[in-house]
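Notes to accompany the following structure.
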Amino acid sequence: MKILVTGAAGMIGSHLVKSLKKRGYKVIGLDIREAEEVFVCDLGKKEKLEKIVKNKKMDRIIHLAALAHAVSGKKYTRKMYEYSNIECAKNVFNVARDNKIPVLFISTVDVFGFQKGIVDTQTECRPITIYGKTKYEAEQLLRNSGANYTIFRLSPVYSEDEKRDIQKRIYLRYPNWAYQIGKNTQYEVLHLDKAIEEMIKWCGSKPKNEIRIIKDEQPMNSVDYIEKEKTLGKAKHVVKIPRWLATLGYVVLRITGKNKYTFLLNKAINPLRSE
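Residue numbers for the sequence shown follow this note's numbering, beginning at 903 and rising by one.
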């Protein structure tokens, strides 16, 4: 079976390509960046993408390529998000439909936005960030495209070498200043190995039009994580913030219009819970 993986040079994509090959799959990796065993392809150029898919006779497509949250020193415009996460995704979905190839779209739990209570795939999405909004719009495009689709909404992904999504939920300033809201907070996260295993399972199963939330079986406990960090010489100082005070800070930020910080603070106070 031949699998096309977009975003093959990214953290998830690069590991996925290696794992698929170890399982005996033939893999074609695409990315905007140069990397070992990866074809450089701008997914906004539909003709080039279609040519690759037809010439290589692909059986499945896993669409990972996306513009996610900006890292330090980088700024992304709305136009950049819309091009990468909507326009490029639309081309992938349409090529999949036209060639009758099942497609797995890797989305995010950020599409849920602010939620109270436990969410599931039937919960109305109210994305807040431009990343969440563009990923949700891409989901809608795929569902209406006529392609055979599966959507994975991933919880924040981490590995032993890459823990930025965890660190921002634990640290005020990495690696010495940690914070703890209330007595304890549990966060739903996703280990890279489990994410890849779920994608490989999809390759070997009969595809069906569905949406799934992918997360670790057990949530991450903030107190336990901080204690583990201390044994490694990190988290030397822990700022304990009463939950009422954090909630008050959130309300003040909302009133003053500093929406850049409200979503992050809300994640810390009321982390997403899903079935």
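Don't be surprised by glycine CBs; every beta carbon is placed ideally from N, CA and C.
Can you name the start and end residues of the beta strand (DSSP E) that residue i belongs to?
i, result
"residue 1033", "Taken as a continuous stretch (DSSP letters only), residue 1033 belongs to no beta strand (DSSP E), being part of the alpha helix (DSSP H) at 1032-1045."
"residue 955", "Residue 955 -> not in any beta strand (DSSP E); alpha helix (DSSP H) instead, spanning 948-958."
"residue 991", "Element bounds for residue 991: not the beta strand (DSSP E) but the alpha helix (DSSP H), 990-1000."
"residue 892", "Missing from the structure shown is residue 892; the chain here goes from 903 to 1177 and no further."
"residue 1142", "1139-1143"
Is residue i close to chain C, meaning its C-beta is less than 8 Å from at least one C-beta of that chain?
i, result
"residue 1081", "The chain inventory of the structure shown lacks chain C, comprising one protein chain alone."
If I measure Cβ to Cβ from residue i and keep anything under 8 Å in the same chain, skipping five residues before and after, which residues do I get?
i, result
"residue 1000", "952"
"residue 1116", "1054, 1055, 1056, 1057, 1092, 1096, 1097, 1100"
"residue 1043", "988, 991, 992, 995"
Following a CB-centred definition, is residue i positioned closer than 7 Å to any heavy atom of the ligand FMN?
i, result
"residue 984", "As presented, the structure is devoid of all ligands, the ligand FMN included, so that no description of it is given."
Assign residue i to buried or exposed, taking buried as 16 or more other Cβ atoms, counted over all protein chains shown, within 10 Å of its Cβ.
i, result
"residue 965", "buried"
"residue 1035", "buried"
"residue 962", "buried"
"residue 1107", "exposed"
"residue 1023", "exposed"
"residue 1154", "exposed"
"residue 903", "exposed"
Using a Cβ-Cβ cutoff of less than 6 Å, which residues in the same chain neighbour residue i once the five nearest sequence positions on both sides are dropped?
i, result
"residue 1061", "1094"
"residue 1125", "1086"
Could you round the C-beta distance between residue i and residue j to whole angstroms and report it? I think they count as a contact, below 8 Å.
i, j, result
"residue 1021", "residue 1175", "7 Å"
"residue 933", "residue 967", "7 Å"
"residue 930", "residue 945", "Contact flag wrong, Cβ pair sits at about 13 Å."
"residue 1128", "residue 1069", "No, residue 1128 and residue 1069 are not in contact; Cβ-Cβ is about 11 Å, not under 8 Å."
"residue 1040", "residue 998", "The pair is not a contact, with the Cβ atoms about 13 Å apart (cut-off 8 Å)."
Spatial neighbours of residue i within its chain, please: C-beta separation below 7 Å, excluding the five flanking residues on both sides.
i, result
"residue 1059", "914, 1067, 1092, 1094, 1097"
Quiz item: Counting pairs of Cβ atoms below 8 Å between the stretch 978-996 and the stretch 1008-1016, do you hit three or more?
Solution: no
Quiz prompt | Inter-stretch contact (C-beta, 8 Å, three-pair minimum) for the stretch 1074-1089 and the stretch 1137-1156 | solution = yes
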